[in-house]
Amino acid sequence: MNGIVHITRVSPNGTLPKRISDEIRNYFSFLKNKPVEIKIRKVSSKRSLEQNSYLHLMFSIITEALNEQGNTFLESEIKGALKLKFLLIEVYNEATGELLSERVRDTSELSVGDMAIFIEQCIQWSAERNIIVPPPLTQTELEYEN
């Protein structure tokens, strides 16, 4: 094994998702009595152009699949619905801690890590509706009717 890399979010109580902590624990079992290098860093760079391109392709695939089921969604409606479902955040008064409102984060605000999480959430949401969205960094032949 060459190593593992995960982009994920640490929970509010400071823990990792169980799946990731289990994989790390399992990986350590192969490294008993061996030196290891451990790096943990905050992912802070903005979403990549590749992620942005993939995101629009993904919204197109989801919209087309839903419309094949008899709907008449626009791609912008699907994008808005998925952003509302997965990118809704609470806005607090920093001085008092009072919850002021909620708002939907724009995808342009997302870091590379946050965008990866959003994309994975959308792929999972689609799969639950029997819509197959190829994962990022795969080549797939798509058929489009003009």
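If you read the sequence shown in the working numbering, its first letter stands for residue 588, the second for the next number, and so on. Glycine is no exception: its CB is placed at the ideal position from the N, C-alpha and C atoms.
Buried or exposed by the 16-neighbour rule on C-beta atoms within 10 Å, applied to residue i
{"i": "Y531", "result": "Missing from the structure shown is residue 531; the chain here goes from 588 to 733 and no further."}
{"i": "K621", "result": "exposed"}
{"i": "R634", "result": "buried"}
{"i": "R716", "result": "exposed"}
{"i": "F615", "result": "exposed"}
{"i": "T650", "result": "buried"}
{"i": "S646", "result": "Looking at the sequence shown, residue 646 is not Ser but Phe. Buried is the call here."}
{"i": "D565", "result": "Limits of the chain in this structure are 588 at one end and 733 at the other, which puts residue 565 out of reach."}
{"i": "I719", "result": "exposed"}
{"i": "L669", "result": "buried"}
Beta-carbon contacts of residue i that lie in its chain and below 7 Å, excluding the five residues immediately before and after
{"i": "L686", "result": "E677 and Y679"}
Which listed residue (the options) has its alpha carbon closest to that of residue i
{"i": "L644", "options": "N717, I710 and K605", "result": "I710"}
{"i": "T595", "options": "F660, S698 and R612", "result": "S698"}
{"i": "I627", "options": "I611, K672, S713 and L674", "result": "I611"}
{"i": "A652", "options": "S713, P723 and P722", "result": "S713"}
{"i": "L636", "options": "T602, I719, A682 and A703", "result": "A703"}
Any chain D beta carbon closer than 9 Å to residue i
{"i": "P722", "result": "Note that chain D does not occur in the displayed structure, where there is just one protein chain."}
Cβ-based neighbour list, residue i, same chain, cut-off 6 Å, excluding 5 preceding and 5 following
{"i": "F673", "result": "F705 and Q708"}
{"i": "P723", "result": "Y641"}
Could you tell me which uninterrupted alpha helix (DSSP H) segments, each at least 4 residues in length, are contained entirely in the region 635-701, listed from first to last along the chain? 636-655 and 662-673
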